[in-house]
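S.K.: Below is a structure I'd like to ask you about.
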Amino acid sequence: MALLPRMDNPICVIENSADNRLSVNENAQTILAQITQPLVVVSIVGPYRTGKSYLLNKLSGRQGGAFSVDPTIKAHTKGIWMWCMPHPIKSDHTLVLMDTEGLGDPEKGDKDNDCMILSLAMLMSSAVIYNSSGVINQDALEKLNSTLNVYIEIVHKASFQKMKAQSKEDTGNMAPFFVWVIRDFTLKSVLDGRSVTADEYLENCLKDVRMY
1 MALLPRMDNP
11 ICVIENSADN
21 RLSVNENAQT
31 ILAQITQPLV
41 VVSIVGPYRT
51 GKSYLLNKLS
61 GRQGGAFSVD
71 PTIKAHTKGI
81 WMWCMPHPIK
91 SDHTLVLMDT
101 EGLGDPEKGD
111 KDNDCMILSL
121 AMLMSSAVIY
131 NSSGVINQDA
141 LEKLNSTLNV
151 YIEIVHKASF
161 QKMKAQSKED
171 TGNMAPFFVW
181 VIRDFTLKSV
191 LDGRSVTADE
201 YLENCLKDVR
211 MY
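Right, here's the structure in full:
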C-alpha cells in the first residue's frame with residue numbers, strides 16, 4: 001500500500017488572489033502527484049458563514065479538526081483547500097476532503113468568481129456536499145442551477161475536444177454524487193398534510209426547476 005505524503009495541515013490547492021484570479025498551488029499539485037492510489041474526492045460548497053469547514057472537520061474524524069474555522073461574520077476560507085487521509089472503508093483508496101470558499105460574500109461581490117470556484121469543485125470531485133441553512137429557497141436554486149449549467153458546458157466542450165462529443169443531457173450524467181445538507185432546519189417536514197422524507201422535500205423544490 002502506498003503511503004500518503006505527510007500532511008500536518010490542510011493545504012490550499014486552488015488559490016484565489018486579492019483581485020479574484022484563481023491559480024493552482026504547485027505544492028498541492030506535487031502532493032497529489034505522489035499519491036498512487038485511486039482518489040475519492042469529497043468537496044463541500046455553499047454560502048459563506050454557514051459552517052462548511054466545521055462540517056468537513058466532523059467528516060474528517062480528526063481530533064481537533066483539520067480545517068481552520070472562525071466564529072465571526074467575516075468570510076474565512078479563501079480558494080479551495082484540501083486534506084488527504086486514508087479512506088475509512090476502502091483501504092486501497094485515498095480520501096481527499098476539499099473545503100471551498102463560501103458563496104455570496106458581500107465584501108468580494110464577484111458572482112463569476114463564485115461560479116468558477118463551484119465549477120472547479122464539481123470538476124475535481126467524486127461527491128459534492130452543498131451546505132446551506134434554513135429552507136431551500138429560490139435564490140439557492142438559481143445559484144445551483146447557474147453553476148450546473150457552467151459545469152455542463154465545460155465538460156461538454158472538453159468531450160468535444162477529445163472527439164467524443166455528447167449531448168448536454170448525457171454529459172449531465174457525469175456530474176459527481178450530490179448531497180444537499182440543510183443546517184438549522186427546525187420546521188416540520190409536512191407537505192399537503194402528509195409527512196415527507198428529506199428526498200421528497202428536495203424533489204418537491206426541484207419539480208419546477210429545469211437543471212442543465
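Residue 74 in UniProt numbering is what sits at position 74 of the sequence shown, and the numbering runs on without skipping anything.
Beta carbons are placed, not taken as given, at the ideal position from N, Cα and C, and that holds for glycine.
So the candidates are Pro10, Asn27 and Gly46; which of them puts its Cα closest to the Cα of Tyr130?
M.R.: Position 130 of the sequence shown, counting from 1, holds the residue named residue 130. Among Pro10, Asn27 and Gly46, the Cα nearest to that of Tyr130 is on Gly46.
S.K.: Reducing DSSP to helix, strand and coil, say where Lys18 ends up.
M.R.: The sequence position of residue 18 within the sequence shown is 18, counting from 1. The displayed chain sequence assigns Ala, not Lys, to residue 18. If DSSP states are grouped into helix, strand and coil, Ala18 belongs with coil.
S.K.: DSSP three-state call for Ser60: helix, strand or coil?
M.R.: Counted from its first residue, the sequence shown places residue 60 at position 60. If DSSP states are grouped into helix, strand and coil, Ser60 belongs with the helices.
S.K.: So, with DSSP's three-state summary, where would you put Met82?
M.R.: Along the sequence shown, read from residue 1 onward, the residue named residue 82 stands at position 82. The answer is strand: DSSP assigns Met82 an E or B state.
S.K.: For the pair the region 173 to 188 and the region 121 to 138, tell me if three or more CB-CB distances fall below 8 Å.
M.R.: Counting Cβ pairs under 8 Å, three or more are found: they touch.
S.K.: What is the rounded straight-line gap between the Cα of Leu103 and the Cα of Val69?
M.R.: The residue given as residue 103 occupies position 103 in the sequence shown. The residue given as residue 69 occupies position 69 in the sequence shown. Cα to Cα, Leu103 sits roughly 16 Å from Val69.
S.K.: Can you determine whether any heavy atom of the ligand FAD sits closer than 7 Å to the C-beta of Leu148, and answer yes or no?
M.R.: Of ligands this structure carries none, so the ligand FAD is not represented either.
S.K.: Per DSSP, what are the beta-bridge partners of Pro47 in this structure?
M.R.: The sequence position of residue 47 within the sequence shown is 47, counting from 1. Paired residues: Leu103.
S.K.: Round the Cβ separation of Met116 and Val41 to the nearest angstrom and send it over; I've been treating them as touching at under 8 Å.
M.R.: Numbered from its first residue, the sequence shown carries residue 116 at position 116. Numbered from its first residue, the sequence shown carries residue 41 at position 41. Not quite, the Cβ-Cβ distance comes to about 18 Å (not below 8 Å), so this is no contact.
S.K.: Whose CA, out of Gly51, Pro38, Leu202 and Tyr54, lies closest to the CA of Asn137?
M.R.: One-based indexing of the sequence shown puts residue 137 at position 137. When each option's Cα is compared against that of Asn137, the closest is Leu202.
S.K.: Look up Asn131 in the DSSP assignment and give the residues it is bridged to.
M.R.: For the purposes of this step, residue 131 is taken as the residue at position 131 of the sequence shown. Val181, per the DSSP bridge assignment.
S.K.: To the nearest whole angstrom, what separates the beta carbons of Thr100 and Ile44, a pair I think is in contact under 8 Å?
M.R.: By 1-based counting over the sequence shown, the position of residue 100 is 100. By 1-based counting over the sequence shown, the position of residue 44 is 44. Contact flag correct, Cβ pair sits at about 7 Å.
S.K.: Mind checking Asn204: buried by the 16 CB within 10 Å criterion, or exposed?
M.R.: Numbered from its first residue, the sequence shown carries residue 204 at position 204. It counts as exposed.
S.K.: By DSSP, does Met98 sit in helix, in strand, or in coil?
M.R.: Position 98 of the sequence shown, counted from the start, is the residue given in the question as residue 98. In the structure shown, Met98 sits in a strand (DSSP, three-state: E or B).
S.K.: Between the alpha carbons of Arg49 and Ala140, how many angstroms are there, rounded?
M.R.: For the purposes of this step, residue 49 is identified with residue 49 of the sequence shown, where counting begins at 1. For the purposes of this step, residue 140 is identified with residue 140 of the sequence shown, where counting begins at 1. Taking the straight line joining both Cα atoms gives about 15 Å.
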